[in-house]
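K.L.:
In order, the protein sequences belong to chains E and C.
If you count the first sequence from 1, position 82 lands on 105 in the working numbering, and the numbers rise without skipping.
If you count the second sequence from 1, position 102 lands on 381 in the working numbering, and the numbers rise without skipping.
We put the beta carbon where it would ideally sit given N, CA and C, even for glycine.
Starting off with a structure, shown below.
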Amino acid sequence: MPSVALFDPCYMAALRPADAECARHVLRSLGDDVTLIDGRCCGQPAFNSGYRNEARTAGREVLKAARPFETVVTLSGSCTSMVRHYLPVLWDGDRRDAAQRIAGRFRDFVSYVANHPNVGNLGLKLEGVVAYHDSCHGRRELGITSDALGLLARIQGLEVRRLAYEEECCGFGGSFAVKLPEISVAMMTTKLDDAVLTGAKVLVSGDFSCLAHLEAGARGLGLKLETWTFPELLLRALE
Amino acid sequence: MSAYRERAAREIRAERPAATVTPIMRKLVADAEAMLGRGPEDARARAAAARMYAVDHLEELHEQMEANLERRRVHYHRAADAAEAVAIMRRILAGSKRIAKSKSMVAEEVGLTHALRADGMDVLETDIGEYVVDLEGRGPSHITAPALHLNRARIREIFERTGASFEDDDPVKLSRYVRDVVGSYFRDCDAAITGTNIAIASSGRLGIVENEGNVSLGVSHPRLHVAITGLEKVVADEDAALAILEVLAPSATAQPLTSFTHFLAGPMPGQERHVVFVDNGRSRVVHDERYREVLKCIRCGACMNACPVYRTAGGLSYGSPYMGPIGAVVSPLLWPDGRYADLPMASSLCGRCTEVCPVGIPLHRMLLDLRADGVADGQLGSRTEKLAWLAWAEAFRGATRARALSAFARVGLRNGSRIVRSHGDGDDPRLFPEPSELHDRTLLQAATAERTAAVLIPAADVAPHELPALFAFRARDLGVTVVESIDPRDGDLSLTATAAIANTGSVLLTGEQAARRPILGAKRVVVRVSASTLVRFPHEVAPFLGGDDALLLTGASRTADIEKQIVRGIHGAEEMVVVLGP
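If you want it as structure tokens, here you go:
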């Protein structure tokens, strides 16, 4: 049984605490032995705000916890991208190389499952309609759009609808949503318009950060639109 | 609240730029991608390499440029900063009273128009978009479409304030009105100021692109022509220039090439020509490993066209001559005094700018570096924010504390959003839901019919492969008539092309044939093209460019400065006919 770590990012522990359990269940169904890494932050909030010392302090803990594992499955595309592409750059020389070696083992949940040798044996089945939200980090930094769509296509009975302008950002952007809320909310409204036009009432994405922002907006605006993560959707498709 | 946020919030409240800008840009970005897609596959890589070479050999190319300009009797100037640029321009223009100016971002950067007017000179913005924003008084909101933030009704109002009157706000009438104002100004003016897109070191020629014909007027009518441009705009040779041209217009305006592409050699008899290269911080940036690649920029505007933050808050909210992602990078680099320190925050870091940049500038990564610089040198972030991040980092040093923080955030976000809402902050509708439960399955089955506007791409005719047929196909797309023979008409100007580019429908005129005055004055331009001189792509036309003046014509003059609606026939003939012979 391959041993993998499952990294539950800090903001997901805060906003969608059930998700790690769903993901653990899915990974076990794939035959993996799962160890949870939680209570850590990849450092992205500080990094994106320009506070690199603070980002390094937080990110170091993630790398330390990940050191014993060959694969670290991460529940958020955005955190995966932070660890893989940016975190090692916060060190120099040998330490950067060491950080790079650990960071390279991080995989986002969606592409890990989509490319798992046992994914074909899961027998995924779920009746209904979802719309797919392609996150910027997933699309451009990790290039996992086709993995995500491929995984959705494996779920028997599920109709997947695409947003007309799926390459556009939902307006979250972490500290961006806090520092420039007027712009962030306007972008969110544009994205919600797009999502509503699909007719689907459930929006799925590999990045919960976008989903949290969109769901908060949908609720506030009184739209009937729920956001589901891949672990939750796959768990339901396994039932 | 940061200065940028204040301006952006005001723009959104007062103007809601996204309503106008987003639909225009969605179409433009899709069209631009299609236009790039029909060019050679390696166009972007070659353009990036041409620009990188220039950045790596800046001083060497300038030495070559200076020598070659002098050989052509063109005066070379180099200004260390904005003040010196203005001083040099004043010296060159001393004695001129009426000056026709076409678009130049560097002129905006150094505040040229203001300075010259303060000296009592009469300066007319001759680009239609610039003419509009000059009258409006708030400056350009986009680097290639300065009046993008104004719709036709507003533009009509602005014109009517100056005493003009219109039956309606038809962009054709509004555009032609400016054409007439500009046309009559050129009959009696002393000097023209233009920009320069590409300064070609190996030949000392100036590559300038334009659509309206106002640059053509400027370089051929007044006795004095001054080009002002950035220090980085020099490139090695014609191959490099063509590599850049192959991506510039497709990225900027989804055109194959602009209507006019000038390769300006020496001045005409009796004419004087100067080029002013403005440094203003560029030679400092070139030594900074993290940012030097930003000097590859060709000012196409693709990054702002694609940027959701730009689309939402508009170009004026940046408060800088350079807006959008490139503006957020280049403004704090050119003005390191802190006035633009908050612009790097004007991005959700979605990476779309980096994706569309035709010369491969990693814009969103530079924004991240600039944020870190701002925090490190104290220009960005308050004391409170610094302390908050320190405390945050401490909390994430240990897993137990971090778990507690996550739990605290869970409660805080949920209740916080309710408290904020109950205090009536209606601008931010976000309300965080209960987090812990799994969703009900029912909404999976509650979908209604899809109303996504089907993006129907009309089945385009497949472009023919053979060069003559491809040329005719592309030229017709541009409104050019392609025939085998023609009956001459009064007012015809008959020219012979040195070569023609099939995939862009362009004709190349060189030497005497490239004289702008007759082309601008003709009722109809008839160009003879021999099929044996056809090449497929712009970069293959280099051997035909010769060493003298050259002009690539790609369709008749046009503008899209009002709501991006195309109006053909601005300065110069509305009608162009190509006689395609063996």
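Considering only the beta carbon of each residue, do residue 758 of chain C and residue 803 of chain C sit closer than 8 Å?
P.N.:
Sequence index remark: in the second sequence, residue 758 of chain C carries index 479 (1-based). Sequence index remark: in the second sequence, residue 803 of chain C carries index 524 (1-based). Not a contact, by the Cβ cut-off of 8 Å.
K.L.:
On the three-pair Cβ rule with 8 Å, is the stretch 647-666 of chain C touching the stretch 618-625 of chain C?
P.N.:
Result yes; three or more Cβ-Cβ pairs closer than 8 Å.
K.L.:
Contact criterion: CB-CB distance below 8 Å. Does residue 312 of chain C meet it with respect to chain E?
P.N.:
On the second sequence, residue 312 of chain C is found 33 positions in, with the first residue counted as 1. Not an interface residue.
K.L.:
Could you have a look at residue 286 of chain C and say whether DSSP puts it in helix, strand or coil?
P.N.:
To locate residue 286 of chain C, count along the second sequence from 1; it is residue 7. In this structure, residue 286 of chain C counts as helix in the three-state DSSP scheme.
K.L.:
Can you tell me whether residue 157 of chain E is buried or exposed, with buried defined as 16 or more other CB within 10 angstroms of its CB?
P.N.:
Taking the first sequence and counting its residues from 1, the one referred to as residue 157 of chain E is at position 134. It counts as buried.
K.L.:
Could you check the C-alpha separation between residue 607 of chain C and residue 223 of chain E for me, to the nearest Å?
P.N.:
As a first step, residue 607 of chain C must be located in the second sequence, where it is residue number 328. As a first step, residue 223 of chain E must be located in the first sequence, where it is residue number 200. About 37 Å.
K.L.:
Would residue 180 of chain E be called buried (16 or more neighbouring beta carbons within 10 Å of its own) or exposed?
P.N.:
Numbered from its first residue, the first sequence carries residue 180 of chain E at position 157. When all chains shown are included, residue 180 of chain E counts as exposed.
K.L.:
Going along the stretch 70-83 of chain E in order, which residues come within less than 9 Å of chain C, judged by CB to CB distance?
P.N.:
Those would be 70, 71, 72, 73, 74, 75, 76, 77, 78, 79, 80, 81, 82, 83, in chain order.
K.L.:
Using CA coordinates, which residue listed in C:453, C:707, C:742 is at the minimum distance from residue 783 of chain C?
P.N.:
Numbered from its first residue, the second sequence carries residue 783 of chain C at position 504. Ranking C:453, C:707, C:742 by Cα distance to residue 783 of chain C puts C:742 first.
K.L.:
Is residue 894 of chain C helix, strand or coil when you go by DSSP?
P.N.:
The shown model of chain C, from 280 to 861, leaves out residue 894 of chain C, and the question about it has no answer.
K.L.:
Would you call the CB atoms of residue 808 of chain C and residue 786 of chain C closer than 8 Å?
P.N.:
On the second sequence, position 529 is the one that residue 808 of chain C refers to. On the second sequence, position 507 is the one that residue 786 of chain C refers to. Taking 8 Å as the Cβ cut-off, residue 808 of chain C and residue 786 of chain C qualify as a contacting pair.
K.L.:
Any idea if residue 51 of chain E is buried or exposed, counting beta-carbon neighbours within 10 angstroms, 16 or more meaning buried?
P.N.:
Along the first sequence, read from residue 1 onward, the residue named residue 51 of chain E stands at position 28. Exposed is the call here.
K.L.:
Are three or more beta carbon pairs between the stretch 450-466 of chain C and the stretch 840-854 of chain C nearer than 8 Å?
P.N.:
Flag = yes, the stretch 450-466 of chain C and the stretch 840-854 of chain C touch.
K.L.:
Identify the residues that DSSP records as bridge partners of residue 114 of chain E: which are they?
P.N.:
Here residue 114 of chain E corresponds to residue number 91 of the first sequence, with the count starting at 1. Paired residue(s): none; residue 114 of chain E is not in a bridge.
K.L.:
Determine the closest residue to residue 688 of chain C out of E:93, E:111, E:40, E:209, with distance taken between C-alpha atoms.
P.N.:
As a position in the second sequence, residue 688 of chain C is number 409, starting the count at 1. Among E:93, E:111, E:40, E:209, the Cα nearest to that of residue 688 of chain C belongs to E:40.
K.L.:
Taking 7 Å as the limit between beta carbons, can you name the residues of its chain near residue 536 of chain C, skipping five residues before and five after?
P.N.:
As a first step, residue 536 of chain C must be located in the second sequence, where it is residue number 257. Excluding sequence neighbours, residue 536 of chain C sits near 524, 528, 783, 785, 817, 831, 833.
K.L.:
Just the Cα atoms here: how many angstroms apart are residue 576 of chain C and residue 478 of chain C?
P.N.:
Position 297 of the second sequence, counting from 1, holds the residue named residue 576 of chain C. Position 199 of the second sequence, counting from 1, holds the residue named residue 478 of chain C. Taking the straight line from one Cα to the other gives about 14 Å.
K.L.:
Between the alpha carbons of residue 812 of chain C and residue 444 of chain C, how many angstroms are there, rounded?
P.N.:
For this step, residue 812 of chain C is matched to residue 533 along the second sequence. For this step, residue 444 of chain C is matched to residue 165 along the second sequence. The straight-line gap from Cα to Cα measures roughly 48 Å.
K.L.:
For the stretch 214-225 of chain E, enumerate the residues whose C-beta is nearer than 7 Å to any C-beta of chain C, in chain order.
P.N.:
Within the stretch 214-225 of chain E, the residues whose Cβ lies closer than 7 Å to some Cβ of chain C are 220, 221, 222, 223, 224, 225, listed in chain order.
K.L.:
What residues from the stretch 374-394 of chain C come within 9 Å of chain E, judged by C-beta to C-beta, listed N to C?
P.N.:
Those residues of the stretch 374-394 of chain C that come within reach of chain E (Cβ to Cβ, closer than 9 Å) do not exist; the list is empty.
K.L.:
Below 8 Å on the Cβ atoms is my guess for residue 165 of chain E versus residue 250 of chain E; work out the distance and round it to an integer in Å.
P.N.:
Numbered from its first residue, the first sequence carries residue 165 of chain E at position 142. Numbered from its first residue, the first sequence carries residue 250 of chain E at position 227. In fact, because the Cβ distance is near 20 Å, the residues do not count as touching under 8 Å.
K.L.:
Decide yes or no for the touch test of the stretch 52-68 of chain E against the stretch 96-112 of chain E: beta carbon pairs closer than 8 Å, at least 3 of them.
P.N.:
In short, these stretches touch, since the Cβ pair count reaches three.
K.L.:
Hey, would you say residue 42 of chain E sits closer than 8 Å to residue 221 of chain E, going by beta carbons?
P.N.:
The sequence position of residue 42 of chain E within the first sequence is 19, counting from 1. The sequence position of residue 221 of chain E within the first sequence is 198, counting from 1. Cβ distance not < 8 Å, so residue 42 of chain E and residue 221 of chain E don't count as in contact.
K.L.:
Would the beta-carbon of residue 2 of chain E fall within 8 Å of that of residue 92 of chain E?
P.N.:
Since the displayed chain E opens at 24 and closes at 262, residue 2 of chain E lies outside it and no answer follows.
K.L.:
For the stretch 488-502 of chain C and the stretch 458-478 of chain C, state whether three or more C-beta atom pairs, one from each stretch, are separated by less than 8 Å.
P.N.:
Segments in contact, yes.
K.L.:
So, is residue 721 of chain C buried or exposed, given that buried needs 16 or more other C-beta atoms within 10 angstroms?
P.N.:
Along the second sequence, read from residue 1 onward, the residue named residue 721 of chain C stands at position 442. Result: exposed.
K.L.:
Do residue 116 of chain E and residue 708 of chain C come within 8 Å of each other at the CB atom, strictly closer than that value?
P.N.:
Numbered from its first residue, the second sequence carries residue 708 of chain C at position 429. Numbered from its first residue, the first sequence carries residue 116 of chain E at position 93. In this structure, residue 116 of chain E does not lie closer than 8 Å to residue 708 of chain C by Cβ.
K.L.:
Whole angstroms is fine: what's the gap from residue 825 of chain C's alpha carbon to residue 395 of chain C's?
P.N.:
Taking the first residue of the second sequence as position 1, residue 825 of chain C is located at position 546. Taking the first residue of the second sequence as position 1, residue 395 of chain C is located at position 116. Roughly 37 Å between the two C-alpha positions.
K.L.:
Check the Cβ of residue 251 of chain E against every Cβ in chain C and list those closer than 8 Å, keeping chain order.
P.N.:
The count along the first sequence starts at 1 and reaches residue 251 of chain E at position 228. What residue 251 of chain E touches in chain C: 718.
K.L.:
Suppose contacts are defined by Cβ-Cβ distances below 8 Å. Is residue 753 of chain C in contact with residue 526 of chain C by that definition?
P.N.:
In the second sequence, the residue the question calls residue 753 of chain C occupies position 474. In the second sequence, the residue the question calls residue 526 of chain C occupies position 247. Cβ atoms of residue 753 of chain C and residue 526 of chain C: not closer than 8 Å.
K.L.:
Closer than 9 Å, Cβ to any Cβ of chain C: which residues of the stretch 167-193 of chain E, in chain order?
P.N.:
So the list reads 181, 182, 184, 185, 186, 187, 188, 190, 191, 192, 193, given in the order they occur along the chain.
K.L.:
Within a Cβ cutoff of 6 Å, which residues of the same chain sit near residue 589 of chain C, ignoring the five residues on either side of it in sequence?
P.N.:
Start at 1 with the first residue of the second sequence, and residue 589 of chain C comes out as number 310. If we look at residue 589 of chain C and ignore the five residues flanking it on each side, its Cβ neighbours are 583, 603.
K.L.:
Can you pull the chain C neighbours of residue 240 of chain E, defined as C-beta to C-beta under 7 Å?
P.N.:
Here residue 240 of chain E refers to the residue found at position 217 when the first sequence is read from its first residue. By Cβ distance, chain C contributes 708, 709.
K.L.:
When you compare only the Cα positions, how much space is there between residue 239 of chain E and residue 440 of chain C?
P.N.:
As a first step, residue 239 of chain E must be located in the first sequence, where it is residue number 216. As a first step, residue 440 of chain C must be located in the second sequence, where it is residue number 161. Whole-angstrom Cα-Cα distance: 46 Å.
K.L.:
Please report how far the alpha carbon of residue 231 of chain C lies from the alpha carbon of residue 74 of chain E, in whole angstroms.
P.N.:
Nothing about residue 231 of chain C can be reported from this structure: the residues present for chain C run from 280 to 861 only.
K.L.:
How far does the beta strand (DSSP E) with residue 771 of chain C in it extend, from its first residue to its last?
P.N.:
Taking the first residue of the second sequence as position 1, residue 771 of chain C is located at position 492. Note, residue 771 of chain C: beta strand (DSSP E), 771-775.
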